[in-house]
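First up is the structure itself, then whatever we jot down about it.
In the working numbering, the protein residues as written are 234 to 358.
Shown next as structure tokens:
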């Protein structure tokens, strides 16, 4: 008789299958809502980081051109490593993963114009 009472009290404390299914369904709906918002936030953060990286590299390149008194080459000249070696930037920033194009930035000058690649903000699918 004592075992029967303990089984009855155990059943009262447990969740029913329906209650568990309802909780799982609610969690699934919350996940379906959260994932797209997370992806959009990540893409927006990558675009912002990319734009910031380009501004930093462009500013460093302009300082490099004016302080080093570099003549305007008619052919394209890569100055990426010069920016690091002459301490205009600490290191070359990494391209965010969701940005299309190269995985590294390249800073070139030609005819007084600074070009930074990848310049695109297109997103990888």
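Don't be surprised by glycine CBs; every beta carbon is placed ideally from N, CA and C.
Since this is a predicted model, take the numbers as computed values, not measurements.
Subject >> Cross-strand partners of residue 350 (DSSP beta bridge) >> reply: Per DSSP, 339.
**OP:** Return the bridge partner residues of residue 311 from the DSSP annotation.
**Re:** Residue pairing by DSSP places residue 311 opposite 341 in a beta bridge.
**OP:** On the DSSP bridge assignment, give the partners of residue 327 in chain order.
**Re:** Under DSSP, residue 327 forms a beta bridge with 337.
Original post:
What's the gap between the Cα of residue 312 and the Cα of residue 346?
Top reply: Taking C-alpha positions only, residue 312 is separated from residue 346 by approximately 12 Å.
Original post:
Using the C-alpha atoms, what's the distance from residue 280 back to residue 296?
Top reply: Our two residues, residue 296 and residue 280, have alpha carbons roughly 24 Å apart in a direct line.
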